[in-house]
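Read through the structure below, which is laid out as structure tokens, and then see the notes.
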Amino acid sequence: MVTVPAIVLNNGVEIPQLGFGVWQVPADETAKVVGLAIEAGYRSIDTAAAYQNEAGVGEAIRACGLPREQLFVTTKLWNSDQGYDSTLRAFDTSLAKLGLDYLDLYLIHWPLPQRDKYVDTWRAFEKLHADGRIRAIGVSNFQIAHLERLSGETSVVPAVNQIELHPRLPQAELRTFHAEHGIATEAWSPLAQGALLADPAVTGLASKYGKTPAQIVLRWHLQLGNIVIPKSVTRTRIRENIDVFDFELADDDLMVLGELDKGTRTGPDPETFNLA
Ligand code: NDP
Numbered sequence: 000m001v002t003v004p005a006i007v008l009n010n011g012v013e014i015p016q017l018g019f020g021v022w023q024v025p026a027d028e029t030a031k032v033v034g035l036a037i038e039a040g041y042r043s044i045d046t047a048a049a050y051q052n053e054a055g056v057g058e059a060i061r062a063c064g065l066p067r068e069q070l071f072v073t074t075k076l077w078n079s080d081q082g083y084d085s086t087l088r089a090f091d092t093s094l095a096k097l098g099l100d101y102l103d104l105y106l107i108h109w110p111l112p113q114r115d116k117y118v119d120t121w122r123a124f125e126k127l128h129a130d131g132r133i134r135a136i137g138v139s140n141f142q143i144a145h146l147e148r149l150s151g152e153t154s155v156v157p158a159v160n161q162i163e164l165h166p167r168l169p170q171a172e173l174r175t176f177h178a179e180h181g182i183a184t185e186a187w188s189p190l191a192q193g194a195l196l197a198d199p200a201v202t203g204l205a206s207k208y209g210k211t212p213a214q215i216v217l218r219w220h221l222q223l224g225n226i227v228i229p230k231s232v233t234r235t236r237i238r239e240n241i242d243v244f245d246f247e248l249a250d251d252d253l254m255v256l257g258e259l260d261k262g263t264r265t266g267p268d269p270e271t272f273n274l275a
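Heads up: the sequence shown at position 221 corresponds to 220 in numbering that gives the first Met the number 0, and the numbers run straight through without jumps.
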């Protein structure tokens, strides 16, 4: 069984450095797919209210037979629920769907700067954290200006910022800001949704190391210190993606991947994304 190293968050809570993402996993397949991931050694699961599969994640957790404290569960507050009271209600709904009595990590899914509710939303996160209902609180898709505003107006520094990050969008500036402020960087779409895997720079390194393209990209993340949450519904890929702790990329090869930076996103721009 693979053992995944932990990253210690700014409040002392430990999160596995590699977890399992479930965006676009159909609700009726989620329990089975998450079960496969847990069997393969994943102990951290990343879902969201918007993915509409929290119930399946909870079902897999109950079925796997592991003690609850051996699993790390993240979910996210959807945009339409931002605001103080609505956040408290949405949290209860997510927890009920998951069938859990506490959460390991809760994230504000998007900042929605035009709506200007993320500070109030964060205050509700701080209350849920202070009440012992969440072990760590964080944000997702926040830019430096949003993090600075939180730090000026609230008291708890986010433990995590989950952002789009892969060799085509390495997010150097945001990663440096996180490191200076004790915020862990979590990479979503770590494989750029698969788009990176046929790139000759990646396939070349795969041949050199005798690994798969996905393993090369995941290794790049791990060596940068990122938390990663690759998604797959395919049993062999689920196993392949966690089998990345027996080799290391040389510094020169990390730089080869660094040269793939195009500043291109697979997802929306957090400054303008405003979906309800
Ligand atoms: P990923 O970068 O994880 O890529 C997933 C895609 O790559 C799927 O099509 C999958 O196919 C394929 N794939 C996975 N492993 C391999 C492999 N070893 N070889 C070849 N292809 C592979 O993209 P996601 O967008 O899913 O991001 C991961 C997670 O990040 C999400 O599931 C979600 O939890 C989180 N996320 C968060 C967001 C946010 O706003 N906070 C936004 C987007 C994602 P298949 O499944 O068919 O095997």
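From the three backbone atoms N, C-alpha and C, an ideal C-beta is built for every residue, glycine too.
Residue i versus residue j: straight-line alpha-carbon distance, rounded
i: I143; j: F176; result: 7 Å
i: P112; j: N240; result: 34 Å
i: D100; j: F90; result: 11 Å
i: H108; j: N78; result: 7 Å
i: N160; j: R61; result: 28 Å
i: L204; j: T2; result: 24 Å
i: R234; j: V32; result: 8 Å
i: V201; j: A191; result: 12 Å
i: R122; j: V12; result: 20 Å
i: Q16; j: Y208; result: 22 Å
i: G151; j: A275; result: 26 Å
i: W22; j: S188; result: 10 Å
i: I136; j: G64; result: 26 Å
i: R238; j: P66; result: 22 Å
Any non-hydrogen atom of ligand 1 within 6 Å of residue i CB
i: Q192; result: yes
i: I228; result: yes
i: V232; result: yes
i: R236; result: yes
i: E239; result: yes
i: D198; result: no
i: S291; result: This structure cannot speak to residue 291, because the chain is shown only from 0 to 275.
i: Q142; result: no
i: A213; result: yes
i: S85; result: no
i: G131; result: no
i: W121; result: no
i: P189; result: yes
i: Q16; result: no
i: Q161; result: yes
i: L139; result: Contrary to the premise, residue 139 reads as Ser rather than Leu in this sequence. Because some heavy atom of ligand 1 lies under 6 Å away, the Cβ of S139 counts as near it: yes.
i: G209; result: no
i: G20; result: yes
Residue i at chain D interface by Cβ criterion, 7 Å
i: V56; result: This model lacks chain D altogether, as it is built from one protein chain only.
Quick one: any contact between the segment 259 to 275 and the segment 225 to 240, if contact means 3 or more CB pairs under 8 Å? no
Counting Cβ pairs, one atom from each stretch, are 3 or more of them under 8 Å apart for the segment 248 to 256 and the segment 31 to 41? no
When the Cβ atoms of the segment 122 to 129 are set against those of the segment 81 to 89, are three or more pairs found closer than 8 Å? yes
What residue ranges within the segment 168 to 225 form continuous beta strand (DSSP E) runs of no fewer than 3 residues, ordered along the chain? 183 to 187
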